[in-house]
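Which chain is which? The protein sequence lines are F and L, in order. For the record, in the first sequence the residue sitting at position 624 is 624 according to my numbering, with numbers rising by one throughout. Converting from the second sequence to my numbering requires adding 679 to each position, the first position being numbered 1. These notes are about the structure you will find just below.
Number of protein chains: 2
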Amino acid sequence: MRPHRSVLTLVVATLITAPAAAQEPIRVASPDGRNEARIHSRDGRIHYSVERDGNPVIAPSLLGFEFRGAPPLRDSLRITGVTQASRDETWTQPWGEVRQVRDHHNEIRVGVAETTAAGRRFDIVFRAFDDGIGFRYEVPEQPALHFFEIQNELTEFALADDARAWWIPSNRPRLDRSEMLYSASPMSLLDSVQTPLTMRTARGTFVVLHEAHLVDYARMNLAGQRHMEDRTLRAALAPLADGVKVRGKAPFNTPWRTIQLADREADLVPSVLGLNLNPPNVLGDVSWVKPMKYVGIWWGMHIGTMSWGSGPRHGATTANARRYIDFAADNGIDGVLVEGWNTGWDGDWIANSHLFSFTQSHPNYDLNEVAAYARQRGVRLIMHNETSGGITNYEDQMEDAYRLYQSLGIDAIKSGYVADGYQGHSHWSQFRVRHNLKAIQTAARYRIALNVHEPVHDTGERRTYPNMMTREGARGQEYNAWGGEGGNPPEHESILFFTRLLAGPMDFTPGIFDITLASADGGPRSPQESRVRTTLAKQLALYVVLYSPMQMAADLIENYVNQPAFQFIRDVAVDWEQTRVLDARMGDHVVVARQERGGEDWFIGAITDEEGRTIDVPLSFLPAGRSYVAEIYADEADSHWMTNPLPISISRRTVNADTRLTIRMAPGGGQAIRLTPAR
Amino acid sequence: MRPHRSVLTLVVATLITAPAAAQEPIRVASPDGRNEARIHSRDGRIHYSVERDGNPVIAPSLLGFEFRGAPPLRDSLRITGVTQASRDETWTQPWGEVRQVRDHHNEIRVGVAETTAAGRRFDIVFRAFDDGIGFRYEVPEQPALHFFEIQNELTEFALADDARAWWIPSNRPRLDRSEMLYSASPMSLLDSVQTPLTMRTARGTFVVLHEAHLVDYARMNLAGQRHMEDRTLRAALAPLADGVKVRGKAPFNTPWRTIQLADREADLVPSVLGLNLNPPNVLGDVSWVKPMKYVGIWWGMHIGTMSWGSGPRHGATTANARRYIDFAADNGIDGVLVEGWNTGWDGDWIANSHLFSFTQSHPNYDLNEVAAYARQRGVRLIMHNETSGGITNYEDQMEDAYRLYQSLGIDAIKSGYVADGYQGHSHWSQFRVRHNLKAIQTAARYRIALNVHEPVHDTGERRTYPNMMTREGARGQEYNAWGGEGGNPPEHESILFFTRLLAGPMDFTPGIFDITLASADGGPRSPQESRVRTTLAKQLALYVVLYSPMQMAADLIENYVNQPAFQFIRDVAVDWEQTRVLDARMGDHVVVARQERGGEDWFIGAITDEEGRTIDVPLSFLPAGRSYVAEIYADEADSHWMTNPLPISISRRTVNADTRLTIRMAPGGGQAIRLTPAR
């Protein structure tokens, strides 16, 4: 027992939540009245808090900044005025998890000024949605705050209880990456972690902290104190090489800090809070941005049957590319990725990022011939731009490269940034964030869409620039190919769905059929070796579960030949009219239904962790009175991710809105279903 | 993707595991041949490694010491000799999870000496069991190493893959405690954590790191580097106030470092590796050490209806104690605990540990009368000794107190150490470890058994001193009583079973019937407030699942009146002939069967996390051809820990060894079953 400390904690909390002596809190509630943000001013400091249904979610939390070379903007503050606004509009995504997005919120803008001689000013803008709260700082042009260097953003998120958090670390030396397995902890034990940070409070509310509209600023990580009696997370911006977080000039706005709220996991998806806090499309007609499925010369490099660089196993040969283009054309796959097509891969390419050319092909690869053949066969060629962190080298060539690609009819790039930082800047610093926007805007001018690996996290850029289609930014399929890492455990994707995927689409690269990786060395790998830790049916289900508008069929194409299960990959949509999570529990299982955009088909993806499950799913989302043919790709009775991953049962039945489907999944298994209107 | 780093890791691993140039490794294998430890000497350093079925579990890991005021015992070492031994004996526990314990192992003793002039020497002793590996350092008397101060024990545990670990932190400022919720992470993300540390490797092997026979040394925590490319945990001994970890004098032996190994969760329990590494009983006849169930004046203090100190709600009154004694006697409960019976509770008792008397009763409490009444009614009175960390104050009074208790016929003490340290020493330092042994030995002289709260972790002391019966050392029931902490989530006990309970018995204090805590303030608490987060049936099941030889019925006794479910608590055994885990998954669910010692009854306890489950359990452990009456305490169809925790179904059926029981548990639920031979 530790009764004494518990009592102390309560007393402190009571003091903090007592009404401010100076000013009553300013409030803004969501349209449904459930979510409320309050802004408090006391003793010269400004705090905010958040309640849901009258219960505290975020206890009073500080707002402000520390600067280099200037006093902090934190003390001697007073509220100078409040204005209110509301909006209710529905906008259409050019592509996405859902077509229509409703932006319905109430807003307050709170003017804040220093009472000191400097009299610096800023506004805090809060927007309250039914699915959460967003707020940001807006700093107007003013004499006392022109050029600035932000040393720390002081924004706090003081959790009202010791919520369970699913997290990956951040801001650690040599660890500026997102390709990690998730941990689950009481949030009080966190130090610096990445967002989106998904938490479940003791009362069962889901709270997701993230950011939106990250432009010309540093990525926000969150740092806790790692003490069970401190539940405050603080903004921990990714640093530039000299430790400064953000250099800028007023007027400026910070990114939005977002607090997504839901009563249960299933209500977290689709996550549109961040999209609503990004500016609308600035590109105008984006009909040239087209979702796609693709195959590629890629997996062979990870299992060791091909190489990026020169040598007998060099993957990016003209002949190989033509073979992949033929396969894509013959199977209704939209695109082909070719990695290792350019010069710069030979030797230590991570240490020699300056050697990469983005226009010069490897001698084995005739870019003009391949591009012409792709056009001839109606296949979209995806150019690969690995920078290994050589951002200057990439930016120097960007215009020439993108112009070349456009001239060849190419409209998509997969870029890569394998590096833990750039000349001392964090991988996620303002330096990289600026580059992101430059790449997106430049690509847009050449009508090219982007799929970024080792990215800055997704903060909803796709609303403003719909050519920013998808990215990696989490631990994907390739970890199953490598030795020494242990691969991805069966629970991994059931966590990703409620963490990384809440930020936006992910190029996870599903669809490995050669689960035992027999292709790599001629015989299957044992369950104890690194290999894919799912059943085959689960690989199919991932196409529906893990949303990406560019969705890879990741395996070697020869592994799809004569595979009846490949029909699902041919059929599955990559752009959606609507999305419904039918059943889910964090880390355990997900069942999601999505309606094809521009079509009548529905698709269901169901995945489970290492535990086999049977889940009853009512199909009441289907229109009443209409019959559908369900094509069901299911685990066999004795399927098991470890001992028997390959057996798959493919069956058909007729269903309608009254049907309850019984979805049986093997341990580490899943189920993929296509629902087509019966003729 | 991050292929480059992965390749590097592999190369390094290959170099390290290459055969030593100097000496072939020395090996010792378990009797079944599956577990093998190897000791390597290279370049003057000694490493060990562990394999299971030929697969690496612990990669080569350093052995040695750093001293204050002397060179480290780490370099310029050579192996001077090896001796082998084996043992196969079965010994009997006076009480326990199982009656008979087999100690079957092979041993090697490796002599090590410095090649330098000092020529210091030590032995490393490895014992290989079928359930794991134990090793320790033995330092003989020698001129060059007499008095010593250990600054760091250099023992490493280099995990062969990035196993998933279930952990609570340690060695953090103001956090020297074990009463925390568990986290789950890749082990590479750990910093300092407590043992037992349970991990699951990528190949599914369970690895539990802990220690055994902790005497006159510092508790071992484990520290990782928190970097995904470093999988080495290092011994991190709990420090004395001046930073020294252990002061001693040769000859001395360290505690055993234990590596328990199993193919699946169910094979981890009962855990006897540590018991086999402790010396046999030194107390001779311990028939005076008797397992018990008890009730007590305790829960009222946590829910606020009683107080430890003076005042209108003072719990430890003579009248209350008589009432509890009557209840125990009338219901076949062996003992009664009375907290707050002594002087010292008034005021800030944590800051004023020196004020506690362990002989002086509060004026409201007539110790002689209560003790006499307990004797008269055949009830065992448990004395409460809260020290709040005042170890000197306690030791000063110990002889007098224990002599007094014995004179009153008292044979059990619940002691408490609510403190995060002692005069700058860690809560788990050598200072506290020495006190432990003093308390155990002193209590044994007065034929008193101990139940220690805020203890040093259990390292198997009970084998040598069977009066060291049970302890806390994890987050127990009382956290459900307090506000502000969120209580224990439904998964908590399913984690405890495979973490804390692997060390030894735990006084979790199950049996709260007033799950909504209506007693505390007259009306039930809502699911959103802190309250017990299980169904009633799960509270019963915990008596079987969470082993303790002193098992409390923790609720206010008035909450047991007219409760049919209380019959299970009356009936359930507290001492076991054998234990079988029938089904289990870490953090999800446990089904365990235990046979009463000295009786024919079996008991089954089944618990689940927040997910409802139905589990088929074959009763094939029952003797063939014999019928049993099963009394089944089950969740009702609509039971739910949050919305409907109280309904319980009590039924009977006849079963035998051919029966498959279908155990259905509600979300947050459980099931408790008594199996009695049919007459």
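By construction, the Cβ of each residue, glycine as well, lies at the ideal position given by its N, Cα and C atoms.
When secondary structure is reduced to three states using DSSP, residue 957 of chain L falls in the coil class, being assigned neither helix nor strand. Secondary structure at residue 449 of chain F: strand, using DSSP grouped into helix, strand and coil. For residue 314 of chain F, there are no neighbours in chain L by C-beta distance under 9 Å, as the nearest C-beta there is about 15 Å away. Against chain F, the CB of residue 1196 of chain L has no partner CB under 8 Å away; the residue lies outside that interface. Proximity of chain F to residue 822 of chain L at the Cβ level (cut-off 7 Å) is not reached, the minimal Cβ distance being about 45 Å.
For the region 180 to 198 of chain F, the set of residues with a beta-carbon nearer than 8 Å to any beta-carbon of chain L comprises 180, 181, 183, 184, 185, 186, 189, in chain order. For a Cβ distance threshold of 8 Å, residue set 1264, 1267 of chain L lies close to residue 611 of chain F, ordered along the chain. Taking 8 Å as the threshold, the shortest C-beta distance from residue 1189 of chain L to chain F does not fall below it. Where residue 318 of chain F is concerned, the enclosing alpha helix (DSSP H) starts and stops at 318 to 331. Cβ-Cβ distances below 8 Å link residue 98 of chain F to 270, 272, 576, 577, 578, 579 in the same chain, with the five nearest sequence neighbours on each side left out; the list follows chain order.
For the region 1098 to 1147 of chain L, the continuous alpha helix (DSSP H) assignments of 4+ residues that do not extend past its boundaries occur at 1109 to 1124, 1140 to 1143, in sequence order. Rounded to whole angstroms, the Cβ separation of residue 129 of chain F and residue 49 of chain F is 17 Å, and the two are not in contact under 8 Å. Here residue 255 of chain F is buried. Its C-beta has 16 or more other C-beta atoms within 10 Å.
With its beta carbon less than 8 Å from one in chain F, residue 848 of chain L belongs to the interface. Only residues of its own chain outside the window of five on either side were considered, and among them 156, 223 have a CB closer than 6 Å to the CB of residue 234 of chain F, listed in chain order.
Residue environment for residue 548 of chain F: buried (at least 16 other C-beta atoms within 10 angstroms of its C-beta). Residue pairing by DSSP leaves residue 1324 of chain L without any beta bridge partner. The beta-bridge partner set that DSSP reports for residue 1310 of chain L consists of L:1331, L:1353. Within the same chain, 1157, 1160, 1161 come within 8 Å of residue 981 of chain L by CB-CB distance, once the 5 residues on both sides are set aside. Taking all protein chains in view, the Cβ of residue 995 of chain L is crowded by 16 or more other Cβ atoms within 10 Å, so the residue is classified as buried.
Membership of residue 492 of chain F in any beta strand (DSSP E) is not indicated; the residue belongs instead to the alpha helix (DSSP H) covering 492 to 496. Taking the Cβ atoms as the reference, residue 354 of chain F lies roughly 5 Å from residue 393 of chain F, within the contact range of under 8 Å.
Per DSSP, residue 1220 of chain L is one residue of the alpha helix (DSSP H) stretching across 1215 to 1224.
If you draw a straight line from the Cα of residue 105 of chain F to the Cα of residue 449 of chain F, it is about 31 Å long. Taking every protein chain shown into account, the CB of residue 762 of chain L has fewer than 16 other CB atoms within 10 angstroms, so this residue is exposed.
Comparing alpha-carbon positions, the option among F:202, F:334, F:382 lying closest to residue 55 of chain F turns out to be F:202. Distance between residue 493 of chain F and residue 514 of chain F, taken at the CA atoms: about 19 Å.
Residue 258 of chain F counts as buried, since no fewer than 16 other beta carbons sit within 10 angstroms of its beta carbon. With fewer than 16 other beta carbons inside 10 angstroms of its own, residue 779 of chain L counts as exposed.
In this structure, the alpha-carbon of residue 429 of chain F lies about 26 Å from that of residue 344 of chain F.
Between the alpha carbons of residue 530 of chain F and residue 487 of chain F lies a distance of about 6 Å.
Assignment of beta-bridge partners to residue 738 of chain L by DSSP yields L:837. Look at residue 1196 of chain L here: in three-state DSSP terms it is coil, with no helix or strand label. As the crow flies, the alpha-carbon of residue 41 of chain F is around 7 Å from that of residue 25 of chain F.
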